[in-house]
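One structure is given here, and the rest of the page talks about it.
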Amino acid sequence: QIRQKIEDLAGIENTQIFYDEWLKNFVTKTDIDSLHSWGFNCVRVPIHYNLFTLPIEKEPNPSENTWLEKGFLMIDTLADWCRENNIYIILDLHAAPGGQGHDEGISDYDPDKPSLWESKSNRDKTVSLWKKLAQRYAQDTIFAGYDLLNEPNWELPGNTLLKNLYKQITDSIRTVDNNHILFIEGNWFANDFTGLLQPWDDKIVYAPHKYWNYNDKQFIDWILNIRDVSNAPVIVGESGENSNAWYTETIKLLEQNEIGWAWWTLKKVESISSPLWINKSQNYNRLLNYWKGFTSKPGQEFVLSTLQELIEVIKIQNCVYHKDVIDAMFRQVNSDNTIPYSANNIPGIIYCTDFDLGTQGIAYNDIGYADFHLSTNVFTSWNQGWIYRNDGVDIQKCEDTLNSNGYNVSWTDKDEWMIYSVFIDSVAIYNINIRTAAGDYGGQFSLQLDNEDITRNYYVPYTGDYQSWQTTTVENVVLPSGNHKLKLKINGPGANYNSMQFLKTGETSEINTLFISATTVDKNTIKINFNKPVSNDILDNFNDIKLLINNENSSLSNPIIDSLNHAVVYINIDRNINFKDKLRIKYFGTKIHGEDGTILESFNWTDVKNTLELYFTIPGKIEAEDFYSQNGIVLENCTDQGGGKDIGYLDVGDNIDYKINIEKEGNYNVVFRIASLGYNGGLKMFLISENGDKQEVLNTSFSPTGGWQAWKSFESSAYLPKGEYILRLVITKPQFNINWFRFDFISRTQQTYKELATLIYPNPFNDYIFINNEVNTDID
């Protein structure tokens, strides 16, 4: 269809020239050299049959195959480049004669013509093509093997026709080549191996594909099962089209389980998910808009000029290299360290989009960092601007004309952050000019250095538009010299961030010692951050620091200055605190100083940030998806009243942990909201104390409800002691979903049972029995 559209505008001859140039420029020796330098050891080459032979409807003699030299010569040249770089080749029949699937974009299937599966002639041509290729490369060791058919997707009962074709191809290849591996993909986009797991050749490798699902081991168990059942190797023959963090997680998971992998794809037009980004020109956009019916028909001269542009921009030297993609696929798989995306020197300008190379939770934190829609049924845009980088941080083009690299961080949300490796020229006072834009209220930020606060929280000014930029100046920030990690923390949603300009304004002794922030560390410790190192006189005068907990005075004791950062002081509290407590701190005095002799300025009542982890209060309700940790579960959309998520795919041995605070000791009615298609599910509930003691408090089961989203409440009972615990659910019977569970307090008295001297007679009985209790107690 694409070729026909180009021919309609450019003519048949010019279209052929364009296609020839495209094939010449899309992959060159420089591309292969680059793949080698990045760390790849194999190239999976998607081939189209029409470069090697004619379609069956164009064959002069239907009983013979016409061979085209073009495709073979291209493979020969590629083999020379790969040989120089010691990179293997896997030939992948991406488009077989007639097309191997309904998905036209994958295999060039034309619904008006017979598919591979509807035409014996197409299948015979496929068999002959593989024999021809194998005959040519039988003795060439740079070829690892042949991927016989990419992602078939057709109704093939029992995969019988697919297996028969594979065996025909195998027999044909083995008449000329007994050396190379045969890569076998299942039906339905490579993953249905029904009837295919009894290898018919001793050099078969099964090659399923992995896209858009979670990266826990359970999501590749089916691949490991292929290996176990068939006693043959496996490789994930294709993956990709996701975020950098997903790439790192996937590759790490595969390599931990000794599974090789290949990635899709080397370069794409305006795609952040490939190592190479092809720029889309305005002229090409106009051409696309014509084909979409949005503009008038362009003239041939314009079309030819646009096509010439396109065959130039696809050359690797004209592409944008995404170093973040390659770093995620190799270095980050084996290292949690962050490294600079660009040189960040202070004084100087740091672009907010140039946060360090590293994965989610290490170089940055973002709420939506990857797409797991095959697991969640919800597509996630990991970078909503789809530009500049393939990480989870959302980035868009920036219209700011001051201190800009052309891009800004956008769609920010609370608790997101970015890390920047910086080199600070000297110990000094700095002013920081931060460029922000806000089309809404609520944006907030602060800065940390080496995970310690160096600024208070700042509100982003409302500017009326997300591309209307304004400077917020953070004054008098004291910074040490040397190499450090700077963190930009997003403390409230609704703002865009362009750049941070650091200006040296004076020596540290020119300003007083200042309070920056206070934070809880654990149940009886708070941390106080100052703008510069404090002297030891705080150890003798800490009583001038006052603390309120829920508006009640609390005593402080045992101050300790951090040995690595003297601007940080830890102080003990006279009682244990929890996540619900509200803490405030103040200082009025003249006896505490900085190491440089400057006085610590007094400060009035200021909130202490309570960072203690959330404990669910019992009695109360817990949404199943709000776990503290888990092993083996999957989140999915829930259609029960209230919507949200449920936890599913529960199997024996899976466990889910929640942090709870039981306020009342006693008997509880425990209600579980359950859905199950046809399985009797079951679980045990344990309480784990702070010192690791574990006690079972409940063992229950659930009958089927008639569907995975057919929700029903089940009741059980448990006696719970007061205190804070890890509540652990351990699955004992498989295949059910949990939406929520609730604890309803019944009584404080624990039920006890005693053996009583009780006589029941007569035996056997007729009409009546008599129960005689020798002790004057009630009988249950």
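Note that this note's numbering numbers the sequence shown so that position 69 is 70, with each residue one more than the last.
No residue lacks a Cβ here, since even glycine has one placed at the ideal position from N, Cα and C.
Open item on the list: Does Ile177 come out as helix, strand or coil in the three-state DSSP assignment?
Closed with: Counting from 1 along the sequence shown, the entry for residue 177 is found at position 176. The residue you asked about is not Ile; residue 177 is Val in the sequence shown. In the structure shown, the three-state DSSP call for Val177 is coil.
Task: CB of Gln397 within 8 Å of CB of Gly407, strictly - done: For the purposes of this step, residue 397 is taken as the residue at position 396 of the sequence shown. For the purposes of this step, residue 407 is taken as the residue at position 406 of the sequence shown. Not in contact: Gln397 and Gly407 (Cβ atoms no closer than 8 Å).
Task: DSSP state of Cys353 mapped onto helix, strand, coil - done: Locating residue 353 in the sequence shown gives position 352, where the first residue counts as 1. When secondary structure is reduced to three states using DSSP, Cys353 falls in the coil class, being assigned neither helix nor strand.
TODO: Compute the Euclidean distance between the alpha carbons of Gly465 and Asp441, then round it to the nearest angstrom.
DONE: For the purposes of this step, residue 465 is taken as residue 464 along the sequence shown, with counting starting at 1. For the purposes of this step, residue 441 is taken as residue 440 along the sequence shown, with counting starting at 1. Going from the Cα of Gly465 to the Cα of Asp441 covers about 7 Å.
Open item on the list: Once the 5 residues before and after Asp141 are set aside, which same chain residues still bring their CB inside 7 Å of it?
Closed with: As a first step, residue 141 is located in the sequence shown; it is residue number 140 there, counting from the start. Excluding positions up to five away in sequence, the list reads Ala80.
Task: Opening and closing residue of the beta strand (DSSP E) in which Asn669 lies - done: Sequence index remark: in the sequence shown, residue 669 carries index 668 (1-based). Sequence inspection shows Tyr at residue 669; the Asn mentioned does not correspond to that position. Going by DSSP, Tyr669 is part of the beta strand (DSSP E) stretching over Gly667 to Ser677.
Task: For Pro276 and Lys268, the rounded distance between their alpha carbons - done: Reading the sequence shown from its first residue, position 267 is the one you call residue 268. Reading the sequence shown from its first residue, position 275 is the one you call residue 276. For the pair Lys268 and Pro276, the Cα-to-Cα distance works out to about 6 Å.
Task: Which of helix, strand or coil DSSP assigns to Trp201 - done: Translated into the one-based positions of the sequence shown, residue 201 becomes position 200. Coil at Trp201, not helix or strand.
Task: Reduced DSSP secondary structure (H/G/I, E/B, other) of Thr509 - done: Counting from 1 along the sequence shown, the entry for residue 509 is found at position 508. Under the three-state reduction of DSSP output, Thr509 falls in the helix class.
- [ ] Round the Cβ separation of Asn530 and Asn662 to the nearest angstrom and send it over; I've been treating them as touching at under 8 Å.
- [x] For the purposes of this step, residue 530 is taken as the residue at position 529 of the sequence shown. For the purposes of this step, residue 662 is taken as the residue at position 661 of the sequence shown. Not confirmed; about 28 Å, so no contact.
TODO: Quick one: which unbroken beta strand (DSSP E) runs of 3-plus residues sit fully inside the stretch 121-193? Chain order, please.
DONE: For the stretch 121-193, whole beta strand (DSSP E) runs of length 3 or above, ordered along the chain, are 144-148 and 182-185.
Task: Backbone CA spacing between Trp23 and Gly294 [nearest angstrom] - done: Here residue 23 corresponds to residue number 22 of the sequence shown, with the count starting at 1. Here residue 294 corresponds to residue number 293 of the sequence shown, with the count starting at 1. Cα to Cα, the separation comes out at about 25 Å.
Open item on the list: So, with DSSP's three-state summary, where would you put Asp647?
Closed with: As a first step, residue 647 is located in the sequence shown; it is residue number 646 there, counting from the start. Reduced to three states, the DSSP call for Asp647 is strand.
TODO: Out of Asn51, Pro534, Tyr370 and Thr506, state which residue places its alpha-carbon closest to the alpha-carbon of Asp454.
DONE: The sequence position of residue 454 within the sequence shown is 453, counting from 1. Comparing Cα-Cα distances from Asp454 to each of Asn51, Pro534, Tyr370 and Thr506, the minimum goes to Pro534.
- [ ] Quick one: residues in its chain with C-beta nearer than 8 Å to the C-beta of Glu58, no 5 flanking neighbours on either side, listed in chain order?
- [x] Here residue 58 refers to the residue found at position 57 of the sequence shown. Apart from the 5 residues on each side of it in sequence, Glu58 sits with its Cβ closer than 8 Å to the Cβ of Lys114 in its chain, given in chain order.
Task: Separation of Val334 from Asn258, as counted between CA atoms - done: As a working note, residue 258 is residue 257 in the sequence shown. As a working note, residue 334 is residue 333 in the sequence shown. Going from the Cα of Asn258 to the Cα of Val334 covers about 14 Å.
- [ ] Within its chain, find whatever has a CB closer than 8 Å to the CB of Ser282; leave out the 5 residues flanking it on each side and keep chain order.
- [x] On the sequence shown, position 281 is the one that residue 282 refers to. Answer for Ser282: Thr307, Glu310, Leu311 and Val314, listed in chain order.
TODO: Output the distance between the C-alpha atoms of Ile675 and Asn378, rounded to the nearest integer angstrom.
DONE: Walking along the sequence shown from the start, residue 675 turns up at place 674. Walking along the sequence shown from the start, residue 378 turns up at place 377. Cα to Cα, the separation comes out at about 20 Å.
TODO: Can you give me the Cβ contacts of Tyr754 inside the same chain, cut-off strictly under 6 Å, excluding the 5 residues immediately before and after it?
DONE: Here the question's residue 754 lines up with position 753 in the sequence shown. Summary for Tyr754: the model assigns pLDDT 49, below 50, so the residue's position carries little reliability; its value from the coordinates is reported in the next sentence. Closer than 6 Å at Cβ, skipping near neighbours: no residue.
Open item on the list: Just list the residues that DSSP pairs Lys488 with in beta bridges.
Closed with: As a position in the sequence shown, residue 488 is number 487, starting the count at 1. Paired residue(s): Ile420 and Gln449.
Open item on the list: Which of the three DSSP states is assigned to Tyr754 in this structure?
Closed with: In the sequence shown, residue 754 corresponds to position 753, counting from 1. Any reading at Tyr754 must be qualified, since the residue scores a pLDDT of 49, below 50, and its modelled position is unreliable; no value is offered.
TODO: Compare the Cα-Cα distances from Pro47 to each of Asn62, Lys253, Asn66 and Gly72 and report the closest residue.
DONE: Along the sequence shown, one-based indexing puts residue 47 at 46. Across the set Asn62, Lys253, Asn66 and Gly72, the C-alpha of Gly72 shows the shortest separation from the C-alpha of Pro47.
Task: Rounded separation between Lys695 and Gly621 - CA only - done: Position 694 of the sequence shown, counting from 1, holds the residue named residue 695. Position 620 of the sequence shown, counting from 1, holds the residue named residue 621. CA-CA distance, Lys695 to Gly621, rounds to 22 Å.
- [ ] Would you kindly report the start and end of the unbroken alpha helix (DSSP H) that includes Arg316?
- [x] Numbered from 1 along the sequence shown, position 315 holds the residue referred to as residue 316. Reading the sequence as shown, one finds Lys at residue 316 and not Arg. In this chain, Lys316 is not harboured by any alpha helix (DSSP H), its DSSP state being neither H nor E.
TODO: Look up Ser306 in the DSSP assignment and give the residues it is bridged to.
DONE: As a first step, residue 306 is located in the sequence shown; it is residue number 305 there, counting from the start. BP columns for Ser306 are empty, so no partner.
Open item on the list: Can you list, in chain order, the residues of its chain with a C-beta nearer than 8 Å to that of Asp451? Leave out the 5 residues immediately preceding and following it.
Closed with: Within the sequence shown, residue 451 is the residue found at index 450, counting from 1. Once the five neighbours on either side are set aside, the close Cβ partners of Asp451 are His485, Lys486 and Asn566.
Task: N-terminal and C-terminal residue of the beta strand (DSSP E) that Val334 is part of - done: On the sequence shown, position 333 is the one that residue 334 refers to. That residue, Val334, is in no beta strand (DSSP E); its alpha helix (DSSP H) goes Arg332 to Asn335.
Open item on the list: Can you look up Ser482 in the DSSP assignment and give me helix, strand or coil?
Closed with: Locating residue 482 in the sequence shown gives position 481, where the first residue counts as 1. Three-state DSSP puts Ser482 in coil, outside helix and strand.
Open item on the list: Taking 8 Å as the cut-off, does the stretch 231-246 touch the stretch 644-655 (at least 3 CB pairs, one atom from each stretch)?
Closed with: Taking 8 Å as the limit for Cβ pairs, the verdict is that the stretch 231-246 does not touch the stretch 644-655.
Task: Under the three-state DSSP convention, the category Gly102 falls into - done: Numbered from 1 along the sequence shown, position 101 holds the residue referred to as residue 102. Gly102: strand per DSSP, three-state reduction.
Task: For Ser231, the three-state DSSP class (helix, strand or coil) - done: Translated into positions along the sequence shown, residue 231 becomes position 230. When DSSP states are grouped into helix, strand and coil, Ser231 belongs to the helix group.
Task: Alpha-carbon spacing of Leu55 relative to Gly241, whole angstroms - done: Against the sequence shown, residue 55 aligns to sequence position 54. Against the sequence shown, residue 241 aligns to sequence position 240. Approximately 32 Å, taken between the alpha carbons.
Task: C-beta contact flag for Leu678 and Trp709 at 8 Å - done: The sequence position of residue 678 within the sequence shown is 677, counting from 1. The sequence position of residue 709 within the sequence shown is 708, counting from 1. Their beta carbons are under 8 Å apart, which means Leu678 touches Trp709 by this criterion.
TODO: Mind checking which residues open and close the beta strand (DSSP E) that includes Thr526?
DONE: Within the sequence shown, residue 526 is the residue found at index 525, counting from 1. Where Thr526 is concerned, the enclosing beta strand (DSSP E) stretches over Thr526 to Phe531.
Open item on the list: Quick check: Tyr147 and Phe184, are their CB atoms within less than 8 Å of each other?
Closed with: Sequence index remark: in the sequence shown, residue 147 carries index 146 (1-based). Sequence index remark: in the sequence shown, residue 184 carries index 183 (1-based). Going by beta carbons, Tyr147 and Phe184 fall inside the 8 Å limit.
Task: Inter-residue CB distance, Tyr669 and Leu721 (contact presumed, cutoff 8 Å) - done: One-based indexing of the sequence shown puts residue 669 at position 668. One-based indexing of the sequence shown puts residue 721 at position 720. The Cβ separation is near 6 Å, so the contact holds.
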